[in-house]
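This note's numbering applies: residue 166 is where the sequence shown begins, and numbers increase by one. By construction, the Cβ of each residue, glycine as well, lies at the ideal position given by its N, Cα and C atoms. Have a look at the structure below before the remarks.
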Amino acid sequence: MDFTKLFYIDGKWVDPVGTTQIQVVNPATENSIADVALGAEEDIDRAVKAARRAFSNYSATSPEQRVRLLERILEAYQEHVEELAQTLTSEMGAPISFARQAQVPLGMAHLRKMIEVLRSYEFEYAKGSSLIVEEAIGVCGLITPWNWPINQIMCKVVPALAAGCTMVLKPSEVAPLNAIILARIFDQAGVPEGVFNMVQGEGAIVGEAISSHPDIDMVSFTGSTRAGVLIAKSAANTVKRVHQELGGKSANIILPDADLKTAVTRGLHGCYRNAGQTCTAPTRMYVHRSQLSDVIKIAQKAAEQITVGDPTNEMVELGPLVSDVHYQKVQAMIKRGCDEGAELVSGGPGRPEGLEQGYFAQPTIFARVTSDMTIAQEEIFGPVLSILSYDNEEEVISLANSSNYGLAAYVQSSNLKRARNVARRMRAGSVQINYPPFDAGSPFGGYKQSGNGREYAEFGLAEYLEVKGLVGYAPAE
């Protein structure tokens with residue numbers, strides 16, 4: 166069975182209404198690796214009807230039953246780890262070591278955490294004379310991106326399943342193959358018919374059909390702020406809940422007392438992680454003006470040691486950008502940085518030396534960047550670091566918070582109390598102190614134009630629940 170030409174609706178692999186297809190291109194070779202069917206409004210309508218039919222039964226299942234379902238999904242997921250990693254490398258260019266160590270394991274991390282949360286979550290509790298009931302919001306439309314595709318699918322599908330919701334997923338058409346594997350995993354685990362449905366397609370058609378559909382109760386979207394605005398407007402006519410995780414331009418404040426070499430080097434690697442195609446990437450590095458020259462030397466040396474190339478090579482750290490369209494966008498932003506007078510420390514326009522094929526960008530560093538420059542304000546989504554300077558703590562807090570975005574922020578200091586105080590003043594949904602390990606139990610989401618709502622653990626679960634008060638349920642005696 167060629168799953169690339171089919172959609173998963175009502176527990177079956179079915180033919181699409183139309184015949185339109187899109188090529189999936191390996192960004193390292195620029196060769197086509199698959200043709201995937203694209204859906205239409207009629208496909209979404211068929212999936213929504215299946216989800217609506219399944220909702221009454223699935224929403225009535227017990228938390229214990231849903232825990233067992235998630236456990237079966239985890240078991241099935243573990244059987245496909247290497248297949249998922251290889252697929253991510255071929256369709257979006259993630260270095261194979263990174264796919265194995267980060268991209269794929271994050272899906273398991275969300276599953277394990279949600280199983281833990283669901284075992285103890287109180288969906289009903291007494292408050293005065295009322296019984297407070299938290300119940301599934303209904304049919305959910307889930308629209309996910311290409312940069313961390315498995316992570317973003319799992320941190321939407323998993324809490325929706327845990328809440329008792331049914332759903333229709335539209336994965337990114339740029340990197341759709343991993344979603345097909347995940348649909349097979351859900352089928353293998355025995356997700357009931359109609360609870361999980363998947364339709365491939367483009368945002369302007371399938372995404373619009375989801376966000377405007379009158380029988381979808383909630384839409385959860387991860388992607389650009391521009392697209393998020395369009396989805397919110399489309400959803401407004403039916404007054405559905407809209408959850409969004411959008412763009413970022415994260416500040417990394419390196420306080421003067423930090424271990425400079427460690428802070429700068431780890432910050433640079435964080436910026437270049439996933440080829441810089443991460444919404445939380447610490448792309449604005451703020452350093453004390455007195456340390457600027459030293460920071461530039463450390464960053465330049467670290468960038469020169471980055472291994473760029475074939476993502477199937479286990480030693481490669483930096484793979485290609487996801488597509489030619491995105492490569493051209495990043496190149497235009499690098500040129501903009503040069504034109505606006507930032508100091509080019511490393512990298513620059515064009516491909517790295519020796520790489521004539523593939524959408525590879527050079528690991529690029531701009532120094533002496535000022536806040537009015539485009540590269541300090543707009544999300545580049547590539548391996549481009551901007552180094553800015555400050556004179557005192559109050560100034561850097563103000564500069565860091567001046568962005569229209571507020572998804573993440575970073576603070577580095579040898580004085581934990583000082584770092585905590587600065588972190589409290591960041592206008593961002595997630596603030597990371599001294600490069601901590603990933604925490605699947607911490608809320609994830611943004612302030613300002615980085616979105617609304619939260620994902621991960623009980624915070625993500627709450628997005629898929631409605632709150633009902635049964636007043637007089639337990640009247641006073």
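A residue is called buried when at least 16 other Cβ atoms come within 10 angstroms of its Cβ; Y290 does not meet this threshold and is exposed.
Boundaries of the alpha helix (DSSP H) harbouring L283: 269 to 285, taken from the DSSP string. Among the bridge pairs identified by DSSP, D200 is matched with Q188. Rounded to the nearest whole angstrom, the C-alpha separation of A219 and R583 is 52 Å. A contact between stretches requires three or more CB pairs, one per stretch, nearer than 8 Å, and the region 242 to 260 meets this requirement with the region 480 to 489. Annotated as proximal: M591 and N566, with beta-carbon spacing under 8 Å. If you check the CB distance, N362 and A216 come in under 8 Å.
Per the C-alpha coordinates, the member of T535, L581, N586 positioned closest to S568 is T535. At the C-beta level, I370 and A205 come within 8 Å of one another. Taking the C-beta atoms as reference points, E544 is found nearer than 8 Å to G413. Contact annotation: C330 and H275 have beta-carbon atoms that are not nearer than 8 Å. If you look at G432, you'll find it in the alpha helix (DSSP H) that goes 425 to 437. Secondary structure within the region 503 to 552: the beta strand (DSSP E) runs of 3 or more consecutive residues, fully enclosed, are 508 to 511, 529 to 532 (chain order). Residue state for M166 is assigned as coil, using DSSP reduced to three classes. For the alpha helix (DSSP H) assignment, the uninterrupted runs of no fewer than 4 residues enclosed by the region 361 to 385 are, from N- to C-terminal side, 373 to 377. Look at Y290 here: in three-state DSSP terms it is strand. Straight across, the Cα-Cα distance linking F525 with E505 is about 23 Å.
Residue L411 holds the alpha-carbon nearest to the alpha-carbon of S385 among W311, L411, S578. If the five residues before and after P514 are omitted, its C-beta is found closer than 7 Å to the C-beta atoms of Q496, I499, K500, all from its own chain and listed in chain order. Within the DSSP bridge table, the entry for I174 names K177 as partners. For R592, there is no enclosing alpha helix (DSSP H), as DSSP gives it neither H nor E.
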